[in-house]
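The listed protein sequences correspond, in order, to chains A and B.
Here the first sequence stands for residues 1 to 131, numbered as in the working numbering.
Here the second sequence stands for residues 1001 to 1131, numbered as in the working numbering.
Beta carbons are placed, not taken as given, at the ideal position from N, Cα and C, and that holds for glycine.
Below is one structure, written out as structure tokens, with a few remarks after it.
2 protein chains.
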Amino acid sequence: MEIIIDIEDSEPLFAQLVTQIKQAVLSGKILPGDSLPSIRQLAGDLRLNNKTVAKAYRLLERDSVIEAKGYRGTFIHPQAVANSTVDINDIITRKLGDTIQALRTSGATDSEIRIVFAELMKAHQEQGVNL
Amino acid sequence: MEIIIDIEDSEPLFAQLVTQIKQAVLSGKILPGDSLPSIRQLAGDLRLNNKTVAKAYRLLERDSVIEAKGYRGTFIHPQAVANSTVDINDIITRKLGDTIQALRTSGATDSEIRIVFAELMKAHQEQGVNL
DNA sequence: ATATGTACCATTAGTACAAATGGTACAACT
DNA sequence: AGTTGTACCATTTGTACTAATGGTACATAT
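Quick look at the structure:
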């Protein structure tokens, strides 16, 4: 498995990692059950900070593409292939886009939408929910 | 009609104007058909910039609380009373809140939602839609 | 001439967030 | 002792937005 990180790319480093690992799963270069390098090792190989790799792993586990098993290491999830095709960003773009379009049609300005959005996100965060 | 602007208030100046004019309509202090001071005059009286008052008038006209008739001046809209109770922010909060809640339930992180939201708003703006 | 709403040009200050970095520490296990 | 994922403490850089300000200009009317 070969991962190439381009620090000049506008795509964030952690996102490049996520994309390439999903691609490797879809193309069969890595199979369900295979083990992945540890966060620290991969960060060292790619010359990235541990936190950057940890963030990518965290998102991949949220999508059930990988499984973190603590001290035993991290492995490709049994349903990784199917889950690699599901892009949460597509879902967000579709649902959120529909809602925004409806609000604009109702006469709401972009500025008003932005302000309410910020309030909604802030209110949630103050109740102790974070990533 | 008496308008008091508090520059120490955290509520934006243009929003204070909008709120107070709607309140005056609801309480019957100003009636449909009444004329409003011109943008320049009101800005002078309240010691605000013309643009700030113009912004408030623009939003009030969007909500059909007032009617701008060009060189003839600005007047209270015939349906102003009913339209003063409709708060576009409530509509936005409800619809947008529902969508965000659904996305969070789907596993989306707040950060991901924020990024997609910014992209959607930016894409729209680049097509020449502004307020 | 004067007044109206409106539409551009622009700047300033403040706020908020993403992304990435660095360091320290923990429990659980070999 | 050493490794695993994870969870905190923190900072820096860049971006992007709001709100408000100032000035200029326009067509349309009295």
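Please determine, among 1102/B, 1109/B, 1050/B and 1021/B, the residue with the shortest C-alpha to C-alpha distance to residue 1063/B.
1021/B
Taking residue 5/A as part of the beta strand (DSSP E), name the residues at either end of that continuous run.
First-last for residue 5/A: undefined, no H or E at that position.
Per DSSP, what are the beta-bridge partners of residue 35/A in this structure?
75/A
Which residues DSSP lists as bridging residue 1067/B, in chain order:
1075/B
Taking the beta carbon of residue 1055/B as the centre, do at least 16 other beta carbons fall within 10 Å, making it buried, or is it exposed?
buried
For residue 1087/B and chain A, any beta-carbon pair shorter than 8 angstroms?
no
Chain-ordered residues of the segment 1050 to 1065 of chain B with a beta carbon less than 7 angstroms from chain A:
1062
Outcome for residue 1031/B when other beta-carbon atoms lying within 10 angstroms are tallied against a minimum of 16
exposed
Could you check the C-alpha separation between residue 72/A and residue 122/A for me, to the nearest Å?
37 angstroms
Compile a chain-ordered list of the residues in the segment 1085 to 1114 of chain B whose CB is closer than 7 angstroms to at least one CB of chain A.
1088, 1089, 1091, 1092, 1093, 1095, 1096, 1097, 1099, 1100, 1102, 1103, 1106, 1107, 1108, 1109, 1110, 1111, 1112, 1113 and 1114
Is there at least one Cβ from chain B nearer than 8 angstroms to residue 117/A's Cβ?
yes
What number of angstroms, rounded off, separates the C-alpha of residue 47/A from the C-alpha of residue 39/A?
12 angstroms
If I measure Cβ to Cβ from residue 86/A and keep anything under 8 angstroms in the same chain, skipping five residues before and after, which residues do I get?
63
Within 10 angstroms of the Cβ of residue 1069/B, are there 16 or more other Cβ atoms? Answer buried if so, exposed if not.
exposed
Residue 1112/B, DSSP secondary structure in three states:
helix
How long is the line joining the alpha carbons of residue 95/A and residue 76/A, rounded to whole angstroms?
29 angstroms
Helix, strand or coil for residue 1086/B per DSSP?
coil
Have a look at residue 103/A and residue 1079/B and give me their C-alpha separation to the nearest angstrom.
22 angstroms
Below 7 angstroms between beta carbons is the criterion; list the residues of the segment 1002 to 1027 of chain B that meet it against any residue of chain A, in chain order.
none
For residue 1119/B, which three-state DSSP category applies?
helix
Where residue 11/A falls: helix, strand or coil (DSSP):
coil
So, does the CB of residue 36/A fall closer than 8 angstroms to a CB anywhere in chain B?
no
Helix, strand or coil for residue 1059/B, going by three-state DSSP, please let me know.
helix
Just to check my reading of the structure: residue 1100/B and residue 120/A have Cβ atoms closer than 8 angstroms, yes? What is that Cβ distance to the nearest angstrom?
6 angstroms
Could you work out which residues of chain A lie near residue 1120/B, taking near to mean beta carbons separated by less than 8 angstroms?
93, 96, 97 and 100
For residue 42/A, the three-state DSSP class (helix, strand or coil):
helix
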